[in-house]
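Take a look at the structure below.
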Amino acid sequence: MLKKLNHIAIVVPDLQAACETYKTRFNAAVSALKDLPAQGVTTAFVQMADSTVELLHPLGDKSPVARFLEKNPRGGIHHLCYEVDDLDVAMAALIDQGATILGDGQPKIGAHDKPVVFLDPRDFTGVLIELEQA
Ligand code: CO
60 MLKKLNHIAI
70 VVPDLQAACE
80 TYKTRFNAAV
90 SALKDLPAQG
100 VTTAFVQMAD
110 STVELLHPLG
120 DKSPVARFLE
130 KNPRGGIHHL
140 CYEVDDLDVA
150 MAALIDQGAT
160 ILGDGQPKIG
170 AHDKPVVFLD
180 PRDFTGVLIE
190 LEQA
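In the working numbering, the protein residues as written are 60 to 193.
As structure tokens, this is what we get:
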């Protein structure tokens, strides 16, 4: 079902500072900041040859990452994103096995303009998993 790791997401207390850290310490290619009001986050992407790290910061009052930052004020790894060929097929198989899709259970358009869902960490070794159709 899983094709490849698409990105690792890190929630950070200061997005500009995090971008600077990656640029200056690693000489990394970092995208411009992008507000995603529908997802309640501001993002920046650290782009490497064949992998991406997504830096996230809460946006708005109802950000899904605000509580994570309260618990982890210095920031931390928030989720892993895996690519799947067909999100509907993957979701059906996982639901069949008793896994829980978070939120209203329906795919949303994610940070890369592709459909995504998040899976309950309790079903997956305590790690929040994003599945992206790609
Ligand atoms: Co993500």
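All C-beta atoms, glycine included, are put in the ideal place defined by N, C-alpha and C.
If you're wondering where the values come from, they're calculated on a predicted model, not measured in any experiment.
With three or more beta-carbon pairs closer than 8 Å as the criterion, would you say the stretch 160 to 171 touches the stretch 91 to 103?
The stretch 160 to 171 is in contact with the stretch 91 to 103.
Spatially closest choice to Leu105 from Met150, Asp73, Gln156, His66, by CA coordinates
For the purposes of this step, residue 105 is identified with residue 46 of the sequence shown, where counting begins at 1. One point to set straight first is that residue 105 is Val, not Leu, in the sequence displayed. Nearest C-alpha to Val105: His66.
Is the separation between the beta-carbon of Leu92 and that of Leu74 shorter than 8 Å?
Counted from its first residue, the sequence shown places residue 92 at position 33. Counted from its first residue, the sequence shown places residue 74 at position 15. With respect to Leu74, Leu92 sits close: the two C-beta atoms are nearer than 8 Å.
Within this structure, are the beta carbons of Ala103 and Ser90 separated by less than 8 Å?
Indexing the sequence shown from 1 puts residue 103 at position 44. Indexing the sequence shown from 1 puts residue 90 at position 31. In this structure, Ser90 lies closer than 8 Å to Ala103 by Cβ.
Provide the residue span of the alpha helix (DSSP H) that contains Ala152, from first to last.
Position 93 of the sequence shown, counted from the start, is the residue given in the question as residue 152. Run containing Ala152: 146 to 155, per the alpha helix (DSSP H) assignment.
Is the stretch 150 to 165 close to the stretch 126 to 138, with three or more CB pairs under 8 Å?
In short, these stretches do not touch, since the Cβ pair count stays below three.
If Leu114 sits next to Cys78, beta carbons under 8 Å apart, how far is it from one beta carbon to the other, in whole angstroms?
Working through the sequence shown from its first residue, we reach residue 114 at position 55. Working through the sequence shown from its first residue, we reach residue 78 at position 19. With a contact defined as Cβ atoms closer than 8 Å, Leu114 and Cys78 qualify at about 7 Å.
Could you pull out every residue in the same chain whose Cβ sits closer than 8 Å to the Cβ of Val124, ignoring the five residues on either side in sequence?
Position 65 of the sequence shown, counting from 1, holds the residue named residue 124. Taken in chain order, the residues that qualify are Val70, Gly99, Val100, Leu115, His116, Pro117, His137.
Cross-strand partners of Lys167 (DSSP beta bridge):
As a first step, residue 167 is located in the sequence shown; it is residue number 108 there, counting from the start. Answer by DSSP bridge pairing, in chain order: Val175.
Test item: CB-CB of Gln156 and Pro174 under 8 Å:
Here residue 156 corresponds to residue number 97 of the sequence shown, with the count starting at 1. Here residue 174 corresponds to residue number 115 of the sequence shown, with the count starting at 1. Against a cut-off of 8 Å, the Cβ pair of Pro174 and Gln156 comes out as no contact.
What residues match up with Thr111 in a beta bridge as DSSP calls it?
As a working mapping, residue 111 is identified with position 52 in the sequence shown. In the DSSP output, where bridge partners are listed per residue, Thr111 has His66, Gln106.
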